[in-house]
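End of the sequence shown sits at 106 in numbering that gives the first Met the number 0; the numbers just go up one at a time, nothing left out.
Think of the CB as a built atom: it goes at the ideal place given N, C-alpha and C, for glycine as much as any other residue.
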Amino acid sequence: MRVYLNHLREAESPLLADVEPVVTALAYHLQSEWTQLVVSLEADERNDEREGSGEFVVGELVGVAVNLDYGDEIGRRKMFELMRASPLSHPLALPCDEAHAPLPARR
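Here it is, written out as C-alpha cells:
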C-alpha cells in the first residue's frame, strides 16, 4: 500500500485522493497493530514470525502516515498522540525508525 501511494504521489495522479486513507482511521489501525506487537513482545512464549510480521506492519503503517494529508484536526491530534506515546510505552528498535528522517527541531 505504501509503495502504491508513493507511486501515485510521484505521478501526481488524481487517484490518490480516492485511495489515500483518512488519518483518523489509519491512526486507530496503527494503534491496534502497535498494541498487538507490544503484547506479543511481552508474552511469555515469543513467536518470532508474528513479531517480525508485526514490526513490518507497524513500519509500513508509519511509512504511509508520513505523507498523509493532515488537514483533519482530529486525525492529526490522534496521530500526534500516538507517535508521541507509543515509543514511550515500549521502546522498540523498529526498522521504520531508520527509514525516516528525524523531525526538524522546533524553533
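Query                                                                                                                                                                          : Result
How long is the line joining the alpha carbons of leucine 81 and alanine 10, rounded to whole angstroms?                                                                       : 30 Å
Excluding the 5 residues preceding and the 5 following proline 20 in the sequence, name in chain order all residues of the same chain whose CB lies nearer than 6 Å to its CB. : none
Per DSSP, what kind of secondary structure is glycine 70 in: helix, strand or coil?                                                                                            : coil
Check whether the Cβ of glutamate 44 sits closer than 7 Å to any heavy atom of the ligand GDP, and report yes or no.                                                           : Ligands are entirely absent from the displayed structure, and the ligand GDP is therefore not among its contents.
Whole angstroms are fine: how far does the CA of leucine 60 sit from the CA of asparagine 66?                                                                                  : 11 Å
Report the three-state DSSP secondary structure of arginine 76 (helix, strand or coil).                                                                                        : helix
Let me know if glutamate 72 comes out buried or exposed under the rule of 16 or more other beta-carbons within 10 Å of its beta-carbon.                                        : exposed
Using a Cβ-Cβ cut-off of 7 Å (strictly less than) and excluding sequence neighbours within five positions of serine 85, which residues of its own chain qualify?               : Trp33
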